[in-house]
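When the count follows our numbering, it moves up by one through the sequence shown with no breaks and lands on 738 for the last residue.
Each residue gets a CB set at the ideal place from its N, CA and C atoms; glycine is no exception.
Only a predicted model underlies this, so the values are computations on that prediction, with no experimental measurement involved.
What follows is a short report on a single structure.
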Amino acid sequence: SLYVSEYFSQSAQKLSFYSWYGNAKLFHFHVPEDTVLLRWLLQASRGKGPECTSMEITVHFRHGAPPVINPLGTGFPANATVRPSYSISITLSSAAQNTTFVNVTTPAAGDWFIAAHLPEAAGRIEVKGFSTPCPYMFQADMFVLRLTDMPVLEPGVPTPHTVVSPAKPLHVKVFVPKHAAGMRFQLRSCLTSDQKACAVRVVLGSITLPQSFQKTLSCTGSANCSLALDSPPWEKWLQIMVESLGTANASVSVEMLASFTVCRPGSASSFLNFISLNQSQAGARPGTTGAAGSSAQAAGEAPRNTSGQRSSCLQSQPVVREDLDVVSVRYRLLNGPGVPVNSLSPTLLLLNLNTGMDSGGSLVVSLLLNKTSVSLANATVVGCVSAASPVLSLNATRNCSTAFSQGYPLRVSTASAEAMLIVLYPQTDDWFLSLQLLCPKGQGECPSAEAKVTVFAYLTPCFNDCGPYGQCSLLRRHGYLYAACSCKAGWGGWSCTDDTKAQSIGAQNLAALLLTLSNLMFLPAIAVAVYRYYLVEASVYTYTMFFSTFYHACDQPGVAVLCIMDYDTLQYCDFLGSVVSIWVTILCMARVKKILKYVLFILGTLLIAMSLQLDRRGVWNMMGPCLFALVIMIAAWVHHGTKRRHCYPSSWKRWVFYLLPGITLAFIAISVYAFMETNENYYYTHSIWHVLVACSVAFLLPPRDKHKEPWAWSKKLTCRYQICQNDREELYAVT
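Quick look at the structure:
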């Protein structure tokens, strides 16, 4: 046999600490057909700075869809099926780089996904620029070894083959046709070249992580051995590997035979289904009359003709896939949502999820039993949702499993008429819903019984749109799109349904009141500015107070939310007002000439607006204007001091009662903002930041100019008698 090796690589990604699924870095690969060996090369590295410490990286693998992971141990939504992912840990200790290999023999062809992340995030809010996080990089490369001329087994035709040596197993494949109810594999006429007892091991199927359902058959001697499989995967190549367990130099010759049992479906004819589809699509068009209506009636009556259906092994219901949006699909039954279910043969619905772009959402299947349609009181309708092939023996085994996969069971009865199933990140494949009526023992009229079940099936990016305490985010890795929930207000879980650490409504209201009402501490600063004739500064403080209040009212994660305009606009105005308030306060303290002060006001505001548009959360957007304004203030104070030949400001009371308290409050506010804020205490620490900044502004504003009189509203009113003073100057002539 001719082996071909191929290499696939993707660019390295910077890892993040885990707080939600968006922190996991996803790698998407495609394994070609006839692959006999898959090897992952996982490379992890870290920076060389002192902030870099030992770290454990968790890597998850899955075939067909992104891995469903739960590093935080939170809950999943009710009715969701969760199967743990296959994962390994890579430790970066003293070495700055780690290389790990993962081998998978006879892997399943198709999409494979790898997700990598760091441990749980600490929760501290880091200001961009104050600290330098350690970079942890991860890269995944894929090597595959595949056969270019893998032998093919013809169904029903015995084929001789030879296993050359135990080191070189034999690989063959057989194509499973559609509607195959069972497969029987036989190995016979086993002979060795050294005339010893024949011992071989046969492995059917491919490995699919996290769970593998390969079937193993051990054959010894010349006797025939066989293996029967129920519900093999439809319209797929099934790989078979034969290994010799004998001596190293002995070859083994065997004869293999694969045969299938085909299930004949019974349903309305394809012609009637086609007419029904055309009529349903043309129903909204004006002028549709006559023939379309009669055709629809004929198509609707077709399922009621059960004489032909009772002799078939399954009843197929036509389903139309309707694409709504990205990772959003609705399945529509042509014969209506009510599906007839009997006890003789299962009713089958095909849910197409094989486009390659459907595995990034959640598949939701809901069943509703019409109690009036069930003729037997204790009858139960069982269902099974499975991938690749349907379950066709629900009445016999009551087990929701196929040859190489485990399905998801559903059950409705007169006592419990509703059932729902949520499949998180369904694998790329054809999915099937099998329904069958189970009757209690001793019910003679069971063969003629029938039940009506309403079926709703759809694919959604996030189940229930992540609820009221979550946000559904669409993530992208190259051209692949997938969705995940980002939770708020202490809620957690895959769909933000875990309320273990959730905030109560009272705590949410308290947090909203703290973050909004703490901005009212700007009122003393505004009053001081107006009293001292700093009207421009007072206007800036009023602007900051207004937008900071309503930004935090809109930024609340819970139910206490009020947005008077777009969130992004409120955030930008809040950041702009905060930085400009610091800018104008320091320039006001410099006591420069008015014309120069106002020029600096306008020019600085324009530059700050530009820098915030470039990087809104950068620390230098705040520190840069502050430092530049401090340089101007110190230069102006030095100029005033040298001109007056004494320290400026000259009053010790000004230093003790105003400047030193204001500077102390400002330094405490910066320390709280930069080093103490976390996700848990944000509501309190950020409110303290508001209070400290507003109070420091009130202390730092300089006194009014000496020639300015205080506000005296009685002197500003002219609607009364006044004693006028003659200020005319007398001119004296010198003779």
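- Would the segment 347 to 358 and the segment 319 to 336 be scored as touching if the rule is three or more Cβ pairs under 8 Å? yes
- Task: Output yes or no for whether 8 Å exceeds the beta carbon distance between Cys591 and Pro705.
- Result: yes
- From the DSSP output, read off the bridge partner residues of Arg648. Arg648 pairs with nothing; no bridge assigned.
- Query: For Gly561, which residues does DSSP report across the bridge?
  - Reply: According to DSSP, Gly561 bridges with nothing at all.
- Query: When DSSP labels each residue in this structure, what does Tyr428 get in the three-state scheme?
  - Reply: DSSP places Tyr428 in coil when its eight states are reduced to three.
- Item | Residues of its chain near Ala112, where Cβ-Cβ distance is below 6 Å and the 5 sequence neighbours each way are ignored | Val34 and Glu36
- Task: Could you tell me which of Leu29, Tyr601, Met186 and His174 sits nearest to Ala118, measuring between CA atoms?
- Result: Leu29
- Task: Check whether the Cβ atoms of Thr350 and Gln320 lie closer than 8 Å to each other.
- Result: yes
- Task: Using the Cα positions of His31 and Tyr483, report the straight-line distance between them to the nearest angstrom.
- Result: 8 Å
- DSSP on Val595, reduced to helix/strand/coil? coil
- Message: Considering just the uninterrupted stretch of the alpha helix (DSSP H) at Asn512, what are its terminal residues?
- Response: From DSSP, the alpha helix (DSSP H) with Asn512 extends over Ile508 to Leu520.
- Just how far apart, CA to CA, sit Glu304 and Ala492? Confidence is the limiting factor: at Glu304 the pLDDT is only 37, short of 50, which leaves the residue's position unreliable, though a coordinate-based value still follows. Their Cα atoms are separated by approximately 53 Å.
- For Gly303, which of helix, strand or coil comes out of DSSP? A caution first: Gly303 carries a pLDDT of 36, below 50, which makes its placement in the model unreliable, though a value can still be read off. Secondary structure of Gly303 (DSSP, three-state): helix.
- 7 Å CB neighbourhood of Trp494 in its chain, flanking five on each side removed: Excluding residues within five positions, the ones whose Cβ falls inside 7 Å are Tyr472, Gly473, Asp501, Asp502 and Ala505.
- Item | Start and end residues, beta strand (DSSP E) containing Leu478 | Gly473 to Arg480
- Query: How far does the beta strand (DSSP E) with Leu695 in it reach, from first residue to last?
  - Reply: It is not in any beta strand (DSSP E) - Leu695 instead sits in the alpha helix (DSSP H) that spans Tyr685 to Leu703.
- Can you give, in chain order, each stretch of the beta strand (DSSP E) that sits fully within the segment 178 to 249 and has at least 3 residues? 183 to 195, 202 to 207, 218 to 223, 228 to 233 and 239 to 247
- Query: Excluding five sequence neighbours on each side, which residues of the same chain lie with their C-beta closer than 8 Å to the C-beta of Lys199?
  - Reply: Gly249, Thr250 and Ala253
- Alpha carbon to alpha carbon, how far is Cys629 from Gly509? 38 Å
- Would the beta-carbon of Leu516 be found less than 7 Å away from any heavy atom of the ligand ATP? This structure simply doesn't include the ligand ATP, nor any ligand for that matter.
- Task: Enumerate in chain order the residues of its own chain whose CB-to-CB distance from Gly286 is below 6 Å, with the five nearest sequence positions on each side excluded.
- Result: Note that Gly286 has pLDDT 46, beneath the 50 cutoff, so the model's placement of it is unreliable and the number below is only indicative. Counting only Cβ-Cβ distances below 6 Å, and skipping sequence neighbours, we find nothing.
- Output the boundary residues of the beta strand (DSSP E) element that contains Pro412. Tyr411 to Ser416
- Nearest residue (CA-CA) to Gln46, options Tyr544, Leu194, Asn101 and Gly76: Asn101
- Message: In the DSSP output, which residue or residues are listed as bridge partners for His63?
- Response: Ser90 and Ala118
- Message: Less than 6 Å between C-beta atoms, sequence neighbours within five positions excluded: which residues of the same chain meet that for Asn308?
- Response: Confidence at Asn308 is low in this model, with a pLDDT of 41, below 50, so the placement of that residue should be treated as unreliable; the coordinate-derived value is given next. Contacts found: none.
- Residue ranges of each beta strand (DSSP E) run of no fewer than 3 residues wholly in the segment 131 to 170, ordered along the chain? 139 to 150 and 162 to 166
- With distances taken from CA atoms, which of Thr61, Val107 and Phe79 is nearest Ser90? Thr61
- Item | Contact under 8 Å by Cβ, Val634 with Ile611 | no
- Query: If Thr219 sits next to Val206, beta carbons under 8 Å apart, how far is it from one beta carbon to the other, in whole angstroms?
  - Reply: 6 Å
- Item | Segment contact flag, the segment 210 to 224 with the segment 401 to 416, C-beta cutoff 8 Å, min 3 pairs | Contact holds: three or more Cβ-Cβ distances are below 8 Å.
- Message: Tell me the residue span of the beta strand (DSSP E) that contains Thr38.
- Response: Thr38 to Arg49
- Can you grab the Cα-Cα spacing for the pair Leu371 / Gly386, in whole Å? In a straight line, the C-alpha of Leu371 is about 12 Å away from that of Gly386.
- Where does His481 land, buried or exposed, given buried means 16+ other C-beta within 10 angstroms? When all chains shown are included, His481 counts as exposed.
- Assumed close pair Gly25, Leu478 - CB separation to whole angstroms, cut-off 8 Å: 6 Å
- Message: Taking 8 Å as the cut-off, does the segment 172 to 185 touch the segment 148 to 156 (at least 3 CB pairs, one atom from each stretch)?
- Response: yes
- Query: So Tyr461 is in the alpha helix (DSSP H); what residue range does that whole segment cover?
  - Reply: Unbroken run through Tyr461 is the beta strand (DSSP E), Glu453 to Thr463; no alpha helix (DSSP H).
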